[in-house]
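Numbering (our numbering), first residue to last: 1 to 135.
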Amino acid sequence: KKEIEISDLDLDKILLLQDGHCFRNGILNLCKNNKFIADSHFQLESGSFETLIKLADEGLGTTLLPYLHTLDLNEKNKEKLKPFKDPKPAREVSLIYPKNELKIHIINALRDTILGVIRGAIAFSDVEIISPKTK
């Protein structure tokens, strides 16, 4: 298969980051099946994506990677990637701030920096970037 669906994932063979990583929580939410972790007798976990990639390369399971992390993979590993079918899973980035007009220029500069990084690295046509409401 060139593209996969969430239902194609073998939950018993997913390699995860350790507890405390937000990406781990995202995968668990994506699968909507936290129970499989609690009931597992043996679960491989790591603190880094690099280790998860090596474990998957050794045939010990499958892992999910953030899109931006895949950009740094070597060609051999890029050939092994299988993207999700639409709708593709995505994470939300929110910028929350108090209504303090004195800092609005700093907040806008931070927002513009984040937008530049996201738009420069990800070419999604269906992503909506919502600007903060200003008075």
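Backbone N, C-alpha and C fix where the C-beta goes; we use that ideal spot for every residue, glycine too.
Going by beta carbons, Thr63 and Leu52 fall inside the 7 Å limit. Minimum Cα-Cα distance from Gly61 among the listed residues Asp12, Ser7 and Val117 corresponds to Asp12.
With a cut-off of 8 Å on Cβ pairs, the region 73-82 is not in contact with the region 23-32, counting fewer than three such pairs. Distance check between Leu68 and each of Ala90, Ala56, Leu17 and Asp57 places Ala90 closest, using alpha-carbon atoms only.
In the three-state scheme derived from DSSP, where H, G and I count as helix and E and B as strand, Ser48 is classed as coil.
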